[in-house]
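As structure tokens, the structure follows; a few thoughts come after it.
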Amino acid sequence: MSYKIDFDADKCIGCGQCVDICPVSVWEMQDGKSNPVNAEECLGCESCSGVCEQGAIAIVED
Ligand code: SF4
Ligand code: SF4
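Residue numbers (the working numbering): -19 to 42.
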């Protein structure tokens, strides 16, 4: 099973919570916003989408 990260950068306020919570370091801060730079590592745990209060992240099965 693989997962696709649906990320809306316009909603991201750069709080960094997704960076801190992801167990496989998918997210990195770049220019004040998070970015899924290691998206291929995603386990589909939905921790990042759950912690993002801006609703900027959705995880979908690919
Ligand atoms: S948790 Fe949401 S708002 Fe915060 S850095 Fe991540 S994507 Fe952006
Ligand atoms: S769903 Fe889990 S593994 Fe995938 S990016 Fe979010 S926190 Fe990381």
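Just so you know, even glycine gets a beta-carbon here, dropped at the ideal spot from N, CA and C.
If you ignore the 5 residues before and after GLY35, its C-beta comes within less than 7 Å of the C-beta of LYS(-9), all in its own chain and listed in chain order. One residue list follows from the rule of a beta carbon closer than 6 Å to any heavy atom of ligand 1, given in chain order as CYS(-8), ILE(-7), GLY(-6), CYS(-5), GLY(-4), GLN(-3), CYS(-2), SER14, VAL31, CYS32, GLN34, ALA36 and ILE37. With a beta-carbon spacing of about 5 Å, ILE39 and GLU26 fall inside the 8 Å limit used to define contacts.
For ASP(-14), the uninterrupted beta strand (DSSP E) segment begins and ends at -17 to -13. Across the set MET(-19), SER(-18), LYS(-16) and GLY(-6), the C-alpha of GLY(-6) shows the shortest separation from the C-alpha of CYS32.
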